[in-house]
Amino acid sequence: MRNQAGTLIERKPAYTQLIEFYEKIYTEQERSKKGLILPPFQLQQSGREKEFREGFPLLNRMAIPIDVSSSETLFRTLCEISKEVNEKLQKDITGIEQAIKKEAFDIGDLIRQNSDAVYIETLAIKHGLDQPVLMFLMHMSILPSLSVFVDQIRDSMDTKNWLRGYCPVCGSLPRISALRGKGQRFFLCTFCSFEWQSERLKCPFCENSDHQTLHYLYTDGDEICRVELCEKCKKYIKTIDTRKLSYEPDLHLEDIATIHLDILASEKGFSRPAFSPWGIK
Ligand SMILES: [Zn+2]
Ligand SMILES: [Zn+2]
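Mapping of the sequence shown onto this note's numbering: residues 2 to 282, in sequence order.
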């Protein structure tokens with residue numbers, strides 16, 4: 002992580018503050034991972050092979066075990082860290098903290114309802130809270146539990162024939178993709194952080210594989226990250242060519258350090274289906 006952050010700051014000094022912010026979050030997440038208490042999870046794939054082959058993911062998001070108490074502690078720590086980033090975040094987070102203090106909502110409830118978009122939206126509207134910031138804090142707080150879970154099941158998951166545009170574990174959309182080895186393409190799940198292999202030239206969102214309507218977008222001098230645009234559904238995904246990097250990247254951080262490409266794609270009329278907490282200004 003240090004190596005990656007240092008290299009990225011050198012290559013993209015404009016991102017220094019954001020990268021340093023992410024580093025702090027990452028450090029707290031790693032600390033949080035060490036003390037997690039998660040119920041044992043029995044992977045019950047037997048009897049479900051047919052469904053899995055037909056494209057049903059292993060489970061739904063709510064079935065992934067989360068250490069609520071540890072996530073709550075992390076949520077509070079991330080509030081402190083985030084408040085120091087800029088005035089906008091400071092204002093938004095102060096609003097969230099005040100709402101918690103007034104018992105307008107409970108962090109534990111928010112964490113337990115992590116995949117209930119209606120609950121989160123209603124909460125934000127009712128108490129005048131910034132929804133993306135609330136989502137960001139919540140997701141970053143449960144990520145240690147999610148990634149420990151994914152680490153536990155990774156070896157017993159056979160996903161080489163999955164090749165779909167959504168996560169084989171939880172069914173969520175990909176955040177970003179990565180090229181590795183001989184050019185195989187992998188997607189990173191927006192929610193649980195599982196990585197799965199997919200087809201090289203195919204839009205994950207509408208399954209379009211017609212190369213006439215799939216385009217790439219680069220910025221000058223940077224061939225490491227490109228945007229893959231689909232003319233058919235007007236959506237895009239960024240792809241990191243990890244073979245061109247001197248380090249093994251944390252894809253979340255690569256996503257952050259390429260926000261200019263999200264802006265470029267959006268200006269061209271393409272949308273990003275996966276939630277981007279890093280879009281926050
Ligand atoms: Zn997933
Ligand atoms: Zn498409």
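Even glycine gets a Cβ: it sits at the ideal position worked out from N, Cα and C. Please read these numbers as outputs of a predicted model, since none were measured by experiment.
Item	Value
DSSP has valine 228 in a bridge; who is on the other side?	Leu218, Lys239
Could you check which residue in Gln114, Met136, Phe192 has the C-alpha nearest to that of valine 151?	Phe192
On the DSSP bridge assignment, give the partners of alanine 179 in chain order.	Phe187, Ile241
Let me confirm a value: threonine 202 is counted as buried when at least 16 other C-beta atoms fall within 10 Å, else exposed. Which label applies?	As written in the sequence, residue 202 is leucine, which differs from the threonine given in the question. Its Cβ having fewer than 16 others within 10 Å, leucine 202 is exposed.
State yes or no: is the C-beta of asparagine 115 within less than 8 Å of the C-beta of isoleucine 94?	no
Any chance you could list the alpha helix (DSSP H) runs of at least 4 consecutive residues sitting entirely within the segment 17 to 63, in chain order?	17 to 35, 50 to 54
If you draw a straight line from the alpha carbon of proline 133 to that of tyrosine 27, how long is it in whole angstroms?	19 Å
What does the Cβ neighbour count give for serine 267, buried or exposed, with the cut at 16 atoms within 10 Å?	exposed
Tell me which same chain residues have a C-beta within less than 7 Å of the C-beta of leucine 44, skipping the five on either side of it?	Ile154, Ser157
Are leucine 9 and alanine 258 close, meaning C-beta to C-beta below 8 Å?	yes
Please tell me whether, using a cut-off of 7 Å, the distance from the CB of cysteine 204 to the nearest non-hydrogen atom of ligand 2 is below it.	yes
Which residue comes first and which comes last in the alpha helix (DSSP H) that contains serine 292?	With the chain covering 2 to 282 only, the question about residue 292 has no answer from this structure.
Would you identify the three-state DSSP class for glutamate 196, choosing helix, strand or coil?	strand
Counting along the chain, where does the alpha helix (DSSP H) carrying aspartate 256 start and finish?	252 to 257
Work out the CA separation of arginine 49 and lysine 282 for me, nearest whole Å.	Unreliable placement is indicated for lysine 282, whose pLDDT of 40 sits below 50; the coordinate value is still reported in the next sentence. Distance between the alpha carbons of lysine 282 and arginine 49: 43 Å.
Where does aspartate 256 land, buried or exposed, given buried means 16+ other C-beta within 10 angstroms?	buried
With H, G and I counted as helix, E and B as strand and the rest as coil, what does DSSP make of aspartate 223?	strand
Between the beta-carbon of aspartate 263 and the beta-carbon of glutamine 5, is there less than 8 Å?	no
Among Pro58, Ser70, Lys92, which one has its Cα closest to the Cα of tryptophan 163?	Pro58
Is it the case that the CB of asparagine 4 approaches a heavy atom of ligand 2 more closely than 7 Å?	no
Find the nearest neighbour of tryptophan 197 within the set Glu81, Asn87, Ser178, judged by alpha-carbon distance.	Ser178
Nearest CA to the CA of phenylalanine 195: which residue from Phe22, Ser146, Leu124, Ala100?	Ser146
Report the rounded CA-to-CA distance for methionine 2 versus histidine 216, giving the unit in angstroms.	31 Å
Is the beta carbon of glycine 96 sitting closer than 8 Å to the one on leucine 138?	no
By the three-class DSSP mapping on this structure, what secondary structure does serine 70 have?	helix
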